[in-house]
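Asker: Per the numbering used here, the sequence shown runs over residues 2 to 218.
Ideal Cβ placement from N, Cα and C applies to all residues, glycine included.
Remember, it's a predicted structure, so these values are computed and weren't measured experimentally.
Right, I'll just put the structure down here and ask away after.
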Amino acid sequence: MLLPDTADLRSLFEVYLPSLNVSRETLGRLTVLEELLRKWQSRINLVAKSTLPELRTRHIIDSAQCVALAPSTKRWVDLGSGGGFPGLVIACFIADYPDAQITMIESNGKKVAFLRQVAREAKLPATVIQGRIEIEAPKLTAPEIVTARALAPLDVLFDMTSHWSAGKTVGLFQKGEQYQAEIDKAKIHWNFDFDVFTSAVGEKSRILKTSNLSKSQ
């Protein structure tokens with residue numbers, strides 16, 4: 002049974018991601034995120050205007066799938082965080098974990114200001130870095146998981162994250178219906194293992210879980 006986006010968040014999680022443990026505190030943090038995004042959206046374009054009526058399913062539930070695929074992970078990096086998906090949603094969940102941390106990299110100054118305000122008001126374990134990914138990401142310690150949502154083709158994402166491959170960083174990359182073409186193109190220059198997961202909220206969307214990345218000889 003599918004629920005309309007107007008349903009309360011807990012009900013939506015129970016339908017779309019029943020395996021995910023969603024605490025009362027997490028719901029509170031997600032509510033702060035939702036309220037601030039709706040407020041800021043009138044000033045800057047954080048999400049596509051056409052998707053705003055589906056904010057809870059199209060963005061919040063969709064992003065939470067990353068946590069469902071790696072429920073005990075504490076060290077995350079989110080690339081090109083934009084309006085905070087999936088980075089801020091992940092932060093809302095891992096705030097329940099001791100010593101958890103997510104680093105978000107975003108180049109747009111206005112979006113950085115939004116990300117930082119949500120992190121501050123929701124008391125999230127998040128650090129927001131303003132800058133270009135290719136410059137800022139290599140400065141960071143290898144995370145357990147790196148995420149990116151509709152940011153760049155898979156082979157480009159591998160270029161951005163290959164410096165972490167020795168640390169066994171796993172990628173969770175949210176993709177559209179052309180995901181297989183991206184996999185095939187990436188295989189030309191990269192060796193990697195991968196699993197494909199169908200999105201709970203979009204039948205044409207996929208999440209690619211990649212690991213053991215190395216450059217082809």
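Taking all protein chains shown into account, do 16 or more other C-beta atoms lie within 10 angstroms of the C-beta of GLU183, making it buried, or fewer, making it exposed?
Answerer: Along the sequence shown, read from residue 1 onward, the residue named residue 183 stands at position 182. GLU183 is buried by the Cβ-count criterion.
Asker: Of the residues ALA69, SER206, PRO87 and ASN192, which one's Cα is nearest the Cα of ASP156?
Answerer: As a working note, residue 156 is residue 155 in the sequence shown. Of ALA69, SER206, PRO87 and ASN192, the residue nearest in Cα terms is ASN192.
Asker: Using the DSSP secondary-structure output, state which residues sit across from LEU209 in a beta bridge.
Answerer: Your numbering for residue 209 matches position 208 in the sequence shown. Answer is PHE174 and VAL197, bridged to LEU209.
Asker: Pull up the distance between the alpha-carbon of ALA71 and that of CYS93, whole angstroms please.
Answerer: By one-based count along the sequence shown, residue 71 stands at place 70. By one-based count along the sequence shown, residue 93 stands at place 92. Using only the alpha carbons, I get a separation of about 14 Å.
Asker: Quick one, are the C-beta atoms of TRP77 and THR104 less than 9 Å apart?
Answerer: Here residue 77 corresponds to residue number 76 of the sequence shown, with the count starting at 1. Here residue 104 corresponds to residue number 103 of the sequence shown, with the count starting at 1. Yes, Cβ-Cβ distance for TRP77 and THR104 is below 9 Å.
Asker: With hydrogens ignored, establish whether the beta-carbon of PRO72 is closer than 8 Å to any heavy atom of the ligand FAD.
Answerer: For the ligand FAD, the structure offers nothing, since it holds no ligand at all.
Asker: Would you check if the segment 140 to 156 and the segment 167 to 174 touch, i.e. whether three or more CB-CB distances between them fall below 8 Å?
Answerer: Yes, the segment 167 to 174 is in contact with the segment 140 to 156.
Asker: Please look up how many angstroms separate the CB atoms of LYS176 and SER206, rounded, as I've assumed it's under 8 Å.
Answerer: If you number the sequence shown from 1, residue 176 lands on position 175. If you number the sequence shown from 1, residue 206 lands on position 205. Between SER206 and LYS176 the Cβ distance is about 7 Å, and since that is below 8 Å, they are a contact.
Asker: Could I get the ranges of all uninterrupted beta strand (DSSP E) runs contained in the segment 120 to 145, with 3 residues as the minimum, in chain order?
Answerer: List check, beta strand (DSSP E) in window: 127 to 131.
Asker: DSSP beta-bridge partners for GLU107?
Answerer: To locate residue 107, count along the sequence shown from 1; it is residue 106. GLU107 is bridged to GLN131.
Asker: Do three or more CB pairs link the segment 27 to 35 to the segment 83 to 100 at distances below 8 Å?
Answerer: Yes, the segment 27 to 35 is in contact with the segment 83 to 100.
Asker: Could you say which of LYS188, VAL197, ALA127 and HIS190 lies nearest to LEU173 if we only look at CA atoms?
Answerer: Within the sequence shown, the letter at position 172 stands for residue 173. Taking only the C-alpha atoms, the option nearest LEU173 is VAL197.
Asker: For GLU1 and ASP6, which I take to be in contact (beta-carbon distance under 8 Å), what is that distance rounded to the nearest angstrom?
Answerer: A question about residue 1 goes unanswered here, because the residues of the chain that appear run from 2 up to 218.
Asker: Kindly indicate which three-state DSSP category LYS186 falls into: helix, strand or coil?
Answerer: Position 185 of the sequence shown, counting from 1, holds the residue named residue 186. Here LYS186 sits in helix by DSSP.
Asker: Helix, strand or coil for ALA149 per DSSP?
Answerer: Residue 149 sits at position 148 when you count from the first residue of the sequence shown. In this structure, ALA149 counts as strand in the three-state DSSP scheme.
Asker: Please classify ALA151 as buried or exposed, where buried requires at least 16 neighbouring CB atoms within 10 angstroms.
Answerer: Counting from one through the sequence shown, the residue named residue 151 turns up at place 150. By the 10 Å Cβ count, ALA151 comes out exposed.
Asker: Whose C-beta lies closer than 6 Å to the C-beta of ARG59 among residues of the same chain, with five residues either side of it excluded?
Answerer: Against the sequence shown, residue 59 aligns to sequence position 58. The residues are THR52.
Asker: Let's see if you can read the secondary structure: which residues bound the beta strand (DSSP E) around LEU80?
Answerer: Within the sequence shown, residue 80 is the residue found at index 79, counting from 1. Unbroken beta strand (DSSP E) run through LEU80: 76 to 80.
Asker: To the nearest angstrom, how far is it from the Cα of GLN218 to the Cα of ILE189?
Answerer: As a working note, residue 218 is residue 217 in the sequence shown. As a working note, residue 189 is residue 188 in the sequence shown. The alpha-carbon atoms of GLN218 and ILE189 are separated by roughly 10 Å.
Asker: Which residues share a DSSP beta bridge with TRP191?
Answerer: If you number the sequence shown from 1, residue 191 lands on position 190. Note: TRP191 sits in a beta bridge opposite LYS216.
Asker: Report buried or exposed for GLY1, applying the criterion of at least 16 other Cβ atoms within 10 angstroms of its Cβ.
Answerer: As shown, the chain starts at 2 and ends at 218. That puts residue 1 outside it, with no answer to give.
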